[in-house]
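Undergrad: Residue numbers (my numbering): 59 to 217. For every residue, glycine included, the Cβ atom is placed at its ideal position computed from N, Cα and C.
1. Taking the alpha carbon of residue 193 as the point to measure from, which residue in 86, 87, 129 and 72 has its own alpha carbon closest?
2. Buried or exposed: which applies to residue 118, given that a residue is buried once 16 or more other Cβ atoms fall within 10 Å of its Cβ?
3. Pull up the distance between the alpha-carbon of residue 150 and that of residue 180, whole angstroms please.
4. Is the distance from the Cβ of residue 172 to the Cβ of residue 114 below 7 Å?
5. Have a look at 80, 82, 101 and 92 and flag the residue whose alpha-carbon is nearest the alpha-carbon of residue 176.
6. Kindly indicate which three-state DSSP category residue 68 falls into: helix, strand or coil?
7. Please identify the residue among 93, 92, 76 and 96 whose C-alpha is closest to the C-alpha of residue 103.
8. Measuring straight from C-alpha to C-alpha, what distance separates residue 79 and residue 107?
9. Quick one, which of 112, 214 and 209 has its alpha-carbon nearest residue 185's?
10. In angstroms with no decimal places, state the Cα-to-Cα distance between residue 124 and residue 140.
11. Output the distance between the C-alpha atoms of residue 105 and residue 138, rounded to the nearest integer angstrom.
Structure follows, in structure tokens:
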């Protein structure tokens with residue numbers, strides 16, 4: 059997620075889209091990244107306070123590795139991380155940002171069909187954005203809940 063968003067931040071055109079809050083163009087760009095296309099993620103920023111990512115074309119690699127017909131937890135984690143990260147877009151003017159922590163509670167399996175994630179920022183304290191996200195199945199039933207923290211305003215990677 060950090061690389062995608064870092065690229066978004068440094069691309070002159072994307073920086074303009076972010077500065078102008080042209081969320082449609084930002085969503086189109088993010089949906090077309092290699093990461094999103096590989097996982098089949100479609101980004102929707104119609105309401106940038108509640109970013110939404112949908113995976114509607116489930117492929118065999120999305121499924122659990124032990125022959126189950128549920129979406130693999132690793133895929134769920136990746137889509138949650140990506141979507142939660144989108145809550146940091148509004149703070150991109152502060153610099154780069156990245157997931158600092160991600161806690162996932164899988165309440166029930168995500169069926170082998172379309173699913174989507176909706177995230178929201180609950181609070182920003184200093185350079186930390188506290189967000190939550192929920193995974194919904196194709197029947198709009200919640201399946202997975204996550205909370206996370208983003209670090210915003212990263213100027214330089216500390217080594």
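TA: A quick look at the data gives this:
1. Start at 1 with the first residue of the chain shown, and residue 193 comes out as number 135. Closest by alpha carbon: 129.
2. Residue numbering aside, residue 118 sits at position 60 when the chain shown is read from its first letter. Answer is exposed; the Cβ neighbour count stays below 16.
3. Counting from one through the chain shown, the residue named residue 150 turns up at place 92. Counting from one through the chain shown, the residue named residue 180 turns up at place 122. So the two alpha carbons sit approximately 17 Å from each other.
4. Counting from one through the chain shown, the residue named residue 172 turns up at place 114. Counting from one through the chain shown, the residue named residue 114 turns up at place 56. Yes. Within cutoff.
5. Residue mapping note: residue 176 aligns to position 118 of the chain shown, counting from 1. Ranked by how close their Cα comes to the Cα of residue 176, the residues 80, 82, 101 and 92 have 101 in first place.
6. The residue labelled residue 68 in the question sits at position 10 within the chain shown. Unreliable positioning characterises residue 68 in this predicted model, as indicated by a pLDDT of 43, which lies under 50. A coordinate reading is not provided.
7. Here residue 103 corresponds to residue number 45 of the chain shown, with the count starting at 1. With respect to the C-alpha of residue 103, the residue from 93, 92, 76 and 96 having the closest C-alpha is 76.
8. Your numbering for residue 79 matches position 21 in the chain shown. Your numbering for residue 107 matches position 49 in the chain shown. Computed Cα separation, rounded: 12 Å.
9. Here the question's residue 185 lines up with position 127 in the chain shown. With distances taken between Cα atoms, residue 185 lies closest to 209.
10. Within the chain shown, residue 124 is the residue found at index 66, counting from 1. Within the chain shown, residue 140 is the residue found at index 82, counting from 1. Going by the C-alpha atoms only, they are around 25 Å apart.
11. For this step, residue 105 is matched to residue 47 along the chain shown. For this step, residue 138 is matched to residue 80 along the chain shown. Looking at the two C-alpha atoms, the distance is approximately 17 Å.
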